[in-house]
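> Quick note: the first sequence uses this note's numbering, first residue 297, plus one each step. Glycine included, each C-beta is placed from N, C-alpha and C at the ideal position. All of these numbers come straight from a predicted model, not from anything done at the bench. Quick one: this structure, given as structure tokens, is what I'll be asking you about.
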Amino acid sequence: MRSSVYFYPTLKETPQEAQIASHRLMLRSGMMTQVTSGIYAWLPLGLRVLQKITQIIREEQNKAGSLEVMMPTIQPAELWEKSGRYHDYGKEMLRMQDRHEREMLYGPTAEEVITDIFARFVKSYRDLPKRLYNIQWKFRDEIRPRFGVMRGREFLMKDNYSFDLTFEGAKASYQAMLEAYVKTFARMDLTAIPVRAASGAIGGELSHEFQILAETGESEIFYDVDYKNLDVNTLTLDRLQSLYAASDELHDPKICPVPEERLKTARGIEVGHVFYFGTKYSIPLGAYVMGPDNKQVPVEMGSYGIGVSRLVGAIIEAHHDENGIKWPISVAPFKVGLLNLNVKDKACTELCDGLYEKCLQAGVEVLYDDRDMGPGAKFADMDLIGLPWQIIIGPRSVGSGQCEVKNRRTGEKIELSLEDSLKQIV
RNA sequence: CGGGGUGUAGCGCAGCCUGGUAGCGCGCCUGGUUUGGGUCCAGGAUGUCGGGGGUUCAAAUCCUCUCACCCCGACCA
Numbered sequence: 297m298r299s300s301v302y303f304y305p306t307l308k309e310t311p312q313e314a315q316i317a318s319h320r321l322m323l324r325s326g327m328m329t330q331v332t333s334g335i336y337a338w339l340p341l342g343l344r345v346l347q348k349i350t351q352i353i354r355e356e357q358n359k360a361g362s363l364e365v366m367m368p369t370i371q372p373a374e375l376w377e378k379s380g381r382y383h384d385y386g387k388e389m390l391r392m393q394d395r396h397e398r399e400m401l402y403g404p405t406a407e408e409v410i411t412d413i414f415a416r417f418v419k420s421y422r423d424l425p426k427r428l429y430n431i432q433w434k435f436r437d438e439i440r441p442r443f444g445v446m447r448g449r450e451f452l453m454k455d456n457y458s459f460d461l462t463f464e465g466a467k468a469s470y471q472a473m474l475e476a477y478v479k480t481f482a483r484m485d486l487t488a489i490p491v492r493a494a495s496g497a498i499g500g501e502l503s504h505e506f507q508i509l510a511e512t513g514e515s516e517i518f519y520d521v522d523y524k525n526l527d528v529n530t531l532t533l534d535r536l537q538s539l540y541a542a543s544d545e546l547h548d549p550k551i552c553p554v555p556e557e558r559l560k561t562a563r564g565i566e567v568g569h570v571f572y573f574g575t576k577y578s579i580p581l582g583a584y585v586m587g588p589d590n591k592q593v594p595v596e597m598g599s600y601g602i603g604v605s606r607l608v609g610a611i612i613e614a615h616h617d618e619n620g621i622k623w624p625i626s627v628a629p630f631k632v633g634l635l636n637l638n639v640k641d642k643a644c645t646e647l648c649d650g651l652y653e654k655c656l657q658a659g660v661e662v663l664y665d666d667r668d669m670g671p672g673a674k675f676a677d678m679d680l681i682g683l684p685w686q687i688i689i690g691p692r693s694v695g696s697g698q699c700e701v702k703n704r705r706t707g708e709k710i711e712l713s714l715e716d717s718l719k720q721i722v
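This is the structure in structure tokens:
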């Protein structure tokens with residue numbers, strides 16, 4: 297993609313509403329922009345990141361034996377009256393009427409809808425287990441939206457729902473999701489700690505929150521200091537769960553197994569949540585199957601959420617410096633930024649155009665800064681949007697045949713021939 | 001919802017106290033200049049001063065109502 301025809305309105309100054317790094321950087325890099333309180337429009341650069349994250353989540357969900365569906369954003373109140381949550385959900389639910397004055401709502405979650413679908417089609421234990429998920433926009437009319445996409449009112453969520461015949465089956469589903477989550481977050485260069493948690497309005501009996509440690513997190517957690525030393529690449533669920541972590545509501549110093557000197561407290565950003573809640577929805581919504589003993593049994597359920605749009609912010613919180621974002625390669629909007637330091641220099645531009653073509657042919661996602669601007673502004677913009685690699689070509693390169701390759705993460709710069717620069721990156 | 005704050009050009013802000021022709025920096029447009037870390041020079045465009053009502057000869061400025069947004073707290077992916 298050529299910068300000259302792309303659309304990423306970068307800002308030199310920080311918009312006054314942005315208090316935390318991720319919010320600031322998302323606005324400054326032109327990834328997204330606020331439409332109204334807690335509601336954002338995603339611009340091309342931000343959308344690419346959102347799509348990369350979505351795809352990683354999708355792949356890991358599929359590997360964990362789940363099937364993707366797509367449920368609507370608008371739901372009928374009826375289903376929620378059956379589950380009893382229409383009243384309980386309160387003002388956080390955005391309610392509306394259609395032209396027939398039928399009560400509708402913008403879905404804050406989808407237990408009712410998916411359970412109803414399941415109930416209508418699945419009648420036998422032989423069809424179990426089933427794990428169905430979708431990645432869809434949700435709306436929760438938060439008391440106080442803040443921190444950009446970290447706590448928006450409208451947000452993109454992956455929500456998975458498991459249906460099993462027995463408690464043991466449900467536990468296996470729960471475990472499969474825990475494992476999928478560890479892999480999912482690791483692929484984004486995040487160490488997310490599964491913290492035993494109290495379950496909120498969704499209700500339930502067994503529940504973990506996945507928290508990313510960050511000063512700007514909204515919840516307080518207690519954890520074993522060893523969490524800081526884990527290697528994302530070799531992380532396993534067993535290892536993660538062998539360490540102590542608890543939310544402040546559940547943490548009890550009296551029964552905490554971690555000696556005081558190893559116990560740390562920090563703020564966490566919740567990026568995922570897994571619940572087991574048994575038959576809480578299957579009974580009221582009539583999700584029964586025929587068991588092997590010819591008896592109707594309500595199915596055992598769990599639900600598993602990941603805040604997809606929140607993850608964009610969370611990843612930036614974990615990966616940035618004073619100059620801008622440092623994207624992990626797996627979610628970067630482009631893999632490499634190609635900087636033409638002087639577009640008016642014909643020979644220089646020829647070199648750049650040539651390398652750009654080669655990148656495209658090699659299937660390397662490249663943002664080619666071919667705008668007519670000073671070099672300083674280009675460096676600043678490229679650091680800000682945080683692509684993992686930069687290839688810098690200026691008039692100097694014309695004589696030498698060398699370009700500079702910069703690793704945004706480490707800041708390391710090396711001089712290479714144009715040929716080698718591409719090899720370095722691929 | 002309770003407490004605090006802000007609305008003036010696309011962005012960041014000054015002006016308001018003490019009423020009298022609406023300003024600065026960045027950005028934008030034109031021309032030139034410069035080209036390895038946000039070049040420099042010259043010229044130019046852009047505002048219902050968030051909105052309604054009131055006071056006054058006169059309101060960005062004073063009074064009043066209202067809307068929006070932000071920050072602190074309780075809730076959540």
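(1) Enumerate in chain order the residues of its own chain whose CB-to-CB distance from Lys-378 is below 6 Å, with the five nearest sequence positions on each side excluded.
(2) Quick one: give me the first and last residue of the beta strand (DSSP E) that Trp-338 is part of.
(3) Using the three-state DSSP reduction, which class does Thr-329 fall into: helix, strand or coil?
(4) Helix, strand or coil for Ala-628? Go by DSSP, reduced to three states.
(5) For Arg-422 and Ser-362, what's the separation of their Cα atoms in angstroms?
(6) From Pro-671 to Asp-677, what does the alpha carbon distance come to, in whole angstroms?
(7) Are the stretch 582 to 602 and the stretch 544 to 555 touching by the rule of at least three beta carbon pairs closer than 8 Å?
(8) Report all residues from its chain with a CB closer than 7 Å to the CB of Asp-412; omit the five preceding and five following residues, and keep chain order.
(9) Taking buried to mean at least 16 other C-beta atoms within 10 Å of its own C-beta, is Pro-691 buried or exposed?
(10) Considering only C-alpha positions, which residue in the set Ile-621, Leu-635, Val-567 and Lys-654 is nearest to Gly-682?
(11) Which of the three DSSP states, helix, strand or coil, is assigned to Ser-605?
(12) Lys-467 to Glu-450, Cα distance in whole Å?
(13) In terms of DSSP beta bridges, what is Gly-598 paired with?
(14) Let's see if you can read the secondary structure: which residues bound the beta strand (DSSP E) around Cys-504?
(15) Would you tell me roughly how many angstroms separate the C-alpha atoms of Met-446 and Leu-607, rounded to the nearest one?
(16) Where does Ile-687 land, buried or exposed, given buried means 16+ other C-beta within 10 angstroms?
(17) Please classify Tyr-302: does DSSP put it in a helix, a strand, or coil?
(18) Does the stretch 393 to 411 come within contact of the stretch 430 to 444, defined as at least 3 CB pairs closer than 8 Å?
(19) Going by other Cβ atoms of all chains shown within 10 Å of its Cβ, with 16 needed for buried, is Leu-718 buried or exposed?
(20) Tell me, please, which residues DSSP counts as bridged to Arg-563.
(21) Can you give me the Cβ contacts of Phe-586 inside the same chain, cut-off strictly under 7 Å, excluding the 5 residues immediately before and after it?
(22) To the nearest angstrom, report how far apart Ser-538 and Phe-630 are at their CA atoms.
(23) Closer than 7 Å by C-beta to Leu-712: which residues in its own chain qualify, once you throw out the five before and the five after it? Chain order, please.
(24) Whole angstroms are fine: how far does the CA of Asn-529 sit from the CA of Gly-499?
(25) Identify whether His-319 lies in helix, strand or coil by the three-state DSSP scheme.
(26) Report yes or no: do the stretch 475 to 484 and the stretch 343 to 363 share at least 3 C-beta pairs separated by less than 8 Å?
(27) What are the partner residues of Tyr-385, as DSSP defines its beta bridges?
(28) Quick check: the Cα distance between Ala-317 and Glu-661, rounded to an integer number of angstroms?
(29) Using DSSP with H/G/I as helix, E/B as strand and the rest coil, what is Tyr-477?
(30) Check each candidate in Leu-502, Glu-309 and Thr-512 and name the one with the smallest Cα separation from Leu-474.
(31) Taking just the CA atoms, how far does His-616 sit from Ser-515?
(32) Whole-angstrom Cβ separation of Gly-513 and Ile-565, contact assumed at under 8 Å?
(33) Quick check on Gly-633: does DSSP put it in helix, strand or coil?
(34) Pull up the CB-CB distance for Leu-339 and Met-328, whole angstroms please, since I reckon it's below 8 Å.
(35) Report buried or exposed for Pro-305, applying the criterion of at least 16 other Cβ atoms within 10 angstroms of its Cβ.
(36) Once DSSP output is grouped into helix, strand and coil, what is the label at Asp-522?
Here's the rundown:
(1) Pro-580 and Leu-581
(2) 335 to 338
(3) strand
(4) coil
(5) 17 Å
(6) 10 Å
(7) no
(8) Leu-375 and Leu-581
(9) exposed
(10) Ile-621
(11) helix
(12) 31 Å
(13) Ser-458 and Tyr-572
(14) Just to set this straight, residue 504 is His in the shown sequence, not Cys. From DSSP, the beta strand (DSSP E) with His-504 extends over 502 to 509.
(15) 8 Å
(16) buried
(17) coil
(18) yes
(19) buried
(20) Glu-516
(21) Going by the sequence as given, residue 586 is Met instead of Phe. Lys-419, Ser-420, Tyr-421 and Gln-592.
(22) 37 Å
(23) Gln-698, Cys-699, Val-701 and Gln-720
(24) The predicted model places Gly-499 with a pLDDT of 44, which falls under 50 and marks its position as unreliable; any figure quoted below should be read in that light. Approximately 33 Å between the Cα atoms of the pair.
(25) helix
(26) yes
(27) None; Tyr-385 has no bridge partner.
(28) 26 Å
(29) helix
(30) Leu-502
(31) 21 Å
(32) 4 Å
(33) strand
(34) 6 Å
(35) exposed
(36) helix
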